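In the working numbering, the protein residues as written are 200 to 706. Each residue gets a CB set at the ideal place from its N, CA and C atoms; glycine is no exception. Note that this is a predicted model, so its numbers are computed, not measured.
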């Protein structure tokens with residue numbers, strides 16, 4: 200059903216971009232109804248405006264909190280053209296028909312980001328605007344609803360091309376968009392006001408990006424969120440679904456080392472295959488690569504500090520999908536751009552890990568992020584032999600990596616270098632044996648290495664296998680009813696073991 204717009208209600212916070220739309224409406228003799236700052240803006244353009252107060256015979260009250268909330272306004276939006284009883288009421292109460300509603304809400308989300316006062320934030324909760332949007336969208340059969348400033352240009356083109364006529368499908372499309380705006384707006388208000396006493400899952404994103412495909416080529420894939428808020432892409436092809444998963448894992452891991460000396464990590468399929476920390480970044484990269492140069496092929500590389508020319512020269516010898524750093528110097532950037540598809544990202548800010556959620560069954564699993572990083576303050580030596588200071592540094596280094604590795608996992612570290620890990624095994628024994636096999640394959644000497652586990656040992660088999668391989672220093676959460684068996688074996692074999700009391704499962 201095609202409708203011609205004869206009257207429009209306009210109430211917008213952001214005026215930028217509205218001018219050409221207002222002028223178009225005026226050119227076609229459309230009556231414009233408005234209030235407050237929007238009415239003043241339109242008047243300055245030399246375009247006639249009917250004030251809302253002239254229709255309602257009621258002024259704006261409560262310091263502007265109540266302007267459009269009136270039966271004559273909402274009756275004008277919600278009345279149905281084809282319903283006789285509605286049209287009887289319109290005639291009886293002298294209610295003007297409104298065919299177009301243009302609203303741009305108070306910037307609640309932006310006010311939150313600006314860390315404004317509670318009073319300022321509350322005042323940016325739009326009441327009249329959100330009500331106008333919902334009313335117009337509900338009655339899309341008769342009313343065209345424009346709910347965000349980003350729609351102004353598209354709406355201008357539609358109305359200009361059709362001489363202010365709209366069809367039902369267009370109105371329905373914009374109605375759906377209006378409820379998306381409304382639900383997103385309300386989600387952020389809920390998240391701000393909710394103190395945590397009542398846990399309800401609410402999440403919303405306005406920005407979306409279509410990906411080349413999902414995890415596999417036969418699956419469609421999308422990213423919902425503001426990638427550019429965290430990263431600046433300097434070079435390379437479009438980012439894929441699997442790239443995003445790896446980037447997320449890489450950023451979470453490197454945040455553990457954000458205040459440390461140069462640290463470099465290489466990840467593949469969301470798990471670290473190389474991590475090292477050195478006084479110079481180029482050495483950290485070389486030793487990270489040495490941890491597993493086979494898995495590093497096609498991997499995700501990340502640094503906790505600026506990438507320099509020397510490091511870039513070494514990186515350029517490897518085929519890798521993504522390189523992430525807080526900064527690249529000019530020479531490094533020129534070198535790394537030599538591969539046209541290589542994705543180069545500057546990480547501008549840390550990511551929010553406050554909550555984690557994922558689809559499960561017919562619902563969503565939701566949990567707090569794992570904020571605890573094992574540190575010297577929580578370490579509890581449970582064996583007669585104590586670890587040296589250097590060993591404790593290695594244990595904590597290994598523990599950070601273990602926290603970000605798929606369970607069941609065992610991580611082996613020596614001199615702040617990941618020398619091997621067992622990843623995602625159904626048995627912790629399998630994870631350890633995988634790690635030992637890999638370390639030997641790449642010719643690492645296990646004597647002097649330390650072992651970290653994401654969870655406790657239900658039996659003493661882990662410490663036995665580790666000891667026979669030459670590993671005598673261990674960190675694990677503890678908490679098994681058979682902890683004493685592992686402790687007794689360590690004491691009998693001159694091994695040191697530390698409990699943290701914190702499990703770091705990652706599934």
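Sequence-distant residues of the same chain with beta carbon closer than 7 Å to residue i, five excluded per side
{"i": "residue 263", "result": "235"}
{"i": "residue 390", "result": "401"}
{"i": "residue 540", "result": "435, 436"}
{"i": "residue 409", "result": "421"}
{"i": "residue 666", "result": "692, 694"}
{"i": "residue 285", "result": "278, 279"}
{"i": "residue 513", "result": "481, 484, 485"}
Proximity to residue i [Cα-Cα], best of the options
{"i": "residue 669", "options": "326, 613, 535, 424", "result": "613"}
{"i": "residue 451", "options": "684, 571, 692", "result": "571"}
{"i": "residue 205", "options": "254, 241, 295", "result": "295"}
{"i": "residue 618", "options": "369, 650, 342, 595", "result": "650"}
{"i": "residue 335", "options": "425, 210, 457", "result": "210"}
{"i": "residue 593", "options": "314, 647, 368, 524", "result": "647"}
{"i": "residue 695", "options": "611, 604, 587", "result": "587"}
{"i": "residue 703", "options": "258, 568, 405, 640", "result": "568"}
{"i": "residue 506", "options": "598, 341, 543", "result": "543"}
{"i": "residue 261", "options": "249, 248, 326, 303", "result": "326"}
{"i": "residue 357", "options": "347, 370, 346", "result": "370"}
{"i": "residue 411", "options": "661, 443, 274", "result": "443"}
{"i": "residue 237", "options": "213, 257, 581, 446", "result": "213"}
{"i": "residue 611", "options": "458, 423, 632, 367", "result": "632"}
{"i": "residue 687", "options": "603, 598, 601, 581", "result": "581"}
{"i": "residue 621", "options": "661, 657, 595", "result": "661"}
{"i": "residue 672", "options": "463, 367, 689", "result": "689"}
{"i": "residue 652", "options": "241, 645, 637, 623", "result": "623"}
{"i": "residue 601", "options": "533, 584, 579, 630", "result": "630"}
Under the three-state DSSP convention, the category residue i falls into
{"i": "residue 434", "result": "strand"}
{"i": "residue 344", "result": "strand"}
{"i": "residue 546", "result": "strand"}
{"i": "residue 330", "result": "helix"}
{"i": "residue 254", "result": "helix"}
{"i": "residue 412", "result": "coil"}
{"i": "residue 226", "result": "helix"}
{"i": "residue 601", "result": "helix"}
{"i": "residue 688", "result": "helix"}
{"i": "residue 291", "result": "helix"}
{"i": "residue 418", "result": "coil"}
{"i": "residue 318", "result": "helix"}
{"i": "residue 428", "result": "helix"}
{"i": "residue 404", "result": "coil"}
{"i": "residue 488", "result": "helix"}
{"i": "residue 527", "result": "strand"}
{"i": "residue 575", "result": "helix"}
{"i": "residue 510", "result": "helix"}
{"i": "residue 496", "result": "coil"}
{"i": "residue 364", "result": "strand"}
{"i": "residue 585", "result": "coil"}
{"i": "residue 353", "result": "helix"}
{"i": "residue 221", "result": "helix"}
{"i": "residue 590", "result": "helix"}
Same chain only: Cβ atoms within 8 Å of residue i, ignoring 5 sequence neighbours per side
{"i": "residue 387", "result": "307, 308, 311, 403"}
{"i": "residue 490", "result": "465, 472, 473, 474, 475, 616, 617, 618, 619, 641"}
Same chain only: Cβ atoms within 6 Å of residue i, ignoring 5 sequence neighbours per side
{"i": "residue 684", "result": "659"}
{"i": "residue 207", "result": "224, 229, 231, 299"}
{"i": "residue 545", "result": "431"}
{"i": "residue 220", "result": "351, 355"}
{"i": "residue 271", "result": "254, 255, 294"}
{"i": "residue 643", "result": "618"}
{"i": "residue 699", "result": "573, 577, 676"}
{"i": "residue 423", "result": "404, 407"}
Where the beta strand (DSSP E) through residue i begins and ends
{"i": "residue 698", "result": "695-698"}
{"i": "residue 566", "result": "562-567"}
{"i": "residue 524", "result": "519-524"}
{"i": "residue 710", "result": "With the chain covering only 200 through 706, there is no way to say anything about residue 710."}
{"i": "residue 467", "result": "462-467"}
{"i": "residue 303", "result": "299-303"}
{"i": "residue 611", "result": "609-612"}
{"i": "residue 204", "result": "That residue, residue 204, is in no beta strand (DSSP E); it is neither H nor E in DSSP."}
Alpha helix (DSSP H) segment containing residue i, residue limits
{"i": "residue 389", "result": "367-392"}
{"i": "residue 635", "result": "627-640"}
{"i": "residue 616", "result": "It is not in any alpha helix (DSSP H) - residue 616 carries neither H nor E in the DSSP assignment."}
{"i": "residue 307", "result": "307-312"}
{"i": "residue 241", "result": "235-243"}
{"i": "residue 450", "result": "440-453"}
Q. What are the complete alpha helix (DSSP H) segments, minimum 4 residues, inside the region 263-288?
A. Every alpha helix (DSSP H) of 4 residues or more that sits fully in the region 263-288 is shown, in chain order, as 270-277.
Q. Going along the chain, which unbroken runs of the alpha helix (DSSP H) with 4 or more residues stay wholly within the region 642-685?
A. Correct list: 660-668.
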